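Participant:
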Amino acid sequence: MTPVDDDAPPASPAESLALIRQEQAAVADTVAINPLAYYLPWGVAWLIGYGLLFLRYGPGGRIFVPLPDWLPLVTLFALMVLAMTSTMVVSARRGRGVQGRSSWQGTAYGLAWFLAFAGVGSTTGRFVRYLPADEQGLLWACVSVGTVAVMYLAGSAIWLSRDMFVLGAWLTVINIAGVALGPGWHSLLISAGGGGGLIALGLTLAMRERRRRG
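Taking the numbering used here, the leading residue of the sequence shown gets 21, the next gets one more, and so forth.
Structure follows, in structure tokens:
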């Protein structure tokens with residue numbers, strides 16, 4: 021009986037092409053974006069956090085639900101820290117086992133999230149005290165949302181993802197609209213349009229990816 025040589029070259033050009041495509045698909049799966057890990061944590065954080073802000077600090081100072089003063093902001097910041105940590109970890113692990121450019125892209129993008137929020141947080145904290153109380157919350161909120169939007173726009177260029185670009189652009193638009201409308205309305209827009217949109221996008225992309233893989 022003649023032994024089978026697993027390392028033998030493909031018998032035809034068609035087999036060679038099929039093998040190349042198989043390897044490309046394997047690498048693509050390795051470095052592919054996990055939509056649930058990238059979008060769902062931020063969606064949940066914003067839906068709950070900004071939703072609580074709207075209920076406690078509505079338009080014109082209206083209180084829809086008499087929550088403790090500290091609860092909405094503490095909840096929002098805690099959930100945002102968890103979301104940022106998740107994004108950093110997933111980005112750093114993305115491409116693990118792949119050497120070179122793809123590996124560095126994931127690590128650098130993950131660190132960029134931390135550096136971006138450290139930079140805008142320290143700067144905003146320095147000047148926010150000069151604003152009225154209601155405007156202070158609006159400044160923190162719009163800067164945080166704007167930072168996330170810019171990071172998604174940057175990610176779209178790194179990963180060549182149209183979905184990330186559309187998301188970053190959408191967040192930028194509703195953030196600008198919320199700032200123009202003022203405190204209260206900004207929280208409502210970001211909770212519904214930002215948080216709800218992120219959750220919907222993450223679930224949609226996850227189902228699309230599952231169907232693609234069969």
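Using N, Cα and C, we set each Cβ at its ideal position, and we do this for glycine too.
Since we're looking at a predicted model, the values are computed, not measured.
Specify the secondary structure class of residue 219 as computed by DSSP and reduced to three states.
Facilitator: Helix.
Participant: Buried or exposed: which applies to residue 169, given that a residue is buried once 16 or more other Cβ atoms fall within 10 Å of its Cβ?
Facilitator: Buried is the call here.
Participant: In the structure shown, what three-state DSSP assignment does residue 182 receive?
Facilitator: Note: residue 182 maps to helix in three-state DSSP.
Participant: Between the alpha carbons of residue 103 and residue 134, how many angstroms are there, rounded?
Facilitator: Rounded to whole angstroms, residue 103 to residue 134 spans 11 Å at the Cα level.
Participant: By Cβ distance, which residues of its chain are closer than 8 Å to residue 77, with the 5 residues on each side in sequence left out?
Facilitator: Closer than 8 Å at Cβ, skipping near neighbours: 83, 92, 154, 157, 203, 204, 207.
Participant: Can the beta-carbon of residue 59 be found less than 8 Å from the beta-carbon of residue 180?
Facilitator: No.
Participant: Does residue 72 pass the burial test, meaning 16 or more other C-beta atoms within 10 Å, or should it be called exposed?
Facilitator: By the neighbour-count rule (16 or more Cβ atoms within 10 Å), residue 72 is buried.
Participant: In whole angstroms, what separates the C-alpha of residue 182 from that of residue 192?
Facilitator: Cα to Cα, the separation comes out at about 15 Å.
Participant: Of all the options 226, 195, 143, which has the alpha carbon lying nearest to the alpha carbon of residue 213?
Facilitator: When only C-alpha atoms are compared, the closest one is 195.
Participant: What is the rounded straight-line gap between the Cα of residue 225 and the Cα of residue 165?
Facilitator: Straight-line Cα distance between these residues: approximately 22 Å.
Participant: With a 10 Å radius around its C-beta and 16 neighbouring C-beta atoms as the bar for buried, classify residue 90 as buried or exposed.
Facilitator: Flag for residue 90 reads exposed.
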